[in-house]
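Colleague: Number 128 in this note's numbering belongs to position 128 of the sequence shown; there are no gaps in the numbering. Have a look at this one before I ask anything.
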Amino acid sequence: IFLFGFAYILKHGINVRVDFWYGNWSRKTKAWIDFIGNWIALIPFTLLALWVTYQPILRSWGLLRDGTWGTWEMSPDPSGLPRAPIKSMIIFAFVTLFFQAISEQIKLLAVLRGQEALVDIEEQEAPLRIE
């Protein structure tokens with residue numbers, strides 16, 4: 001269930017950062033760091049996660065190795081619930097994270113080009129701390 005929060009966290013800019021460095025940098029420097037970091041880490045991670053989970057989730061829906069369809073994966077409990085719908089939420093969560101990452105890249109590119117008025121980037125004024 002926590003996977004659904006990743007896209008929300010990315011959209012609102014409340015992801016974990018080293019704020020004692022990051023907080024003092026200019027908006028353009030932050031945009032460069034986020035832009036490069038997203039291309040190096042976040043987008044490849046989401047694509048890898050989609051690639052790794054795609055086949056197992058199809059098998060849970062009942063896709064057999066020979067390409068035919070059988071019964072879907074069920075819980076081992078008596079009259080158990082099907083597992084395929086909840087496993088499909090893994091793909092849905094990573095797809096939303098991927099599209100949010102692309103959206104953030106477009107916003108960051110606008111900031112890097114000096115068109116900050118076109119985008120609404122949420123920034124936290126102070127680091128969020130739990131004390």
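Glycine is no exception: its CB is placed at the ideal position from the N, C-alpha and C atoms. Because the structure is a prediction, the values reported are computed rather than measured.
Which residues in the same chain as residue 42 place their Cβ atom closer than 6 Å to its Cβ, once the five residues preceding and following it in sequence are excluded?
Modeller: Position 42 of the sequence shown, counting from 1, holds the residue named residue 42. Same-chain partners within the cutoff: 101.
Colleague: Once DSSP output is grouped into helix, strand and coil, what is the label at residue 44?
Modeller: Working through the sequence shown from its first residue, we reach residue 44 at position 44. Of the three classes helix, strand and coil, the one that applies to residue 44 here is helix, per DSSP.
Colleague: Please classify residue 38: is it buried, with 16 or more other beta-carbons within 10 angstroms of its beta-carbon, or exposed?
Modeller: For the purposes of this step, residue 38 is taken as residue 38 along the sequence shown, with counting starting at 1. Residue 38 is buried by the Cβ-count criterion.
Colleague: So residue 99 is in the alpha helix (DSSP H); what residue range does that whole segment cover?
Modeller: Locating residue 99 in the sequence shown gives position 99, where the first residue counts as 1. Segment 84 to 112, the alpha helix (DSSP H) holding residue 99.
Colleague: Given this structure, state the Cα-to-Cα distance separating residue 26 from residue 12, to the nearest angstrom.
Modeller: As a position in the sequence shown, residue 26 is number 26, starting the count at 1. As a position in the sequence shown, residue 12 is number 12, starting the count at 1. Taking the straight line joining both Cα atoms gives about 18 Å.
Colleague: Taking C-alpha atoms, which residue in 68, 99, 36 and 109 lies nearest to residue 8?
Modeller: Position 8 of the sequence shown holds residue 8. Taking only the C-alpha atoms, the option nearest residue 8 is 99.
Colleague: Tell me, please, which residues DSSP counts as bridged to residue 63.
Modeller: For this step, residue 63 is matched to residue 63 along the sequence shown. For residue 63, which the question treats as bridged, DSSP gives the partners 69.
Colleague: In terms of residues, what are the limits of the alpha helix (DSSP H) holding residue 7?
Modeller: Stepping through the sequence shown from its first residue, residue 7 is reached at position 7. Counting along the chain, the alpha helix (DSSP H) containing residue 7 begins and ends at 4 to 12.
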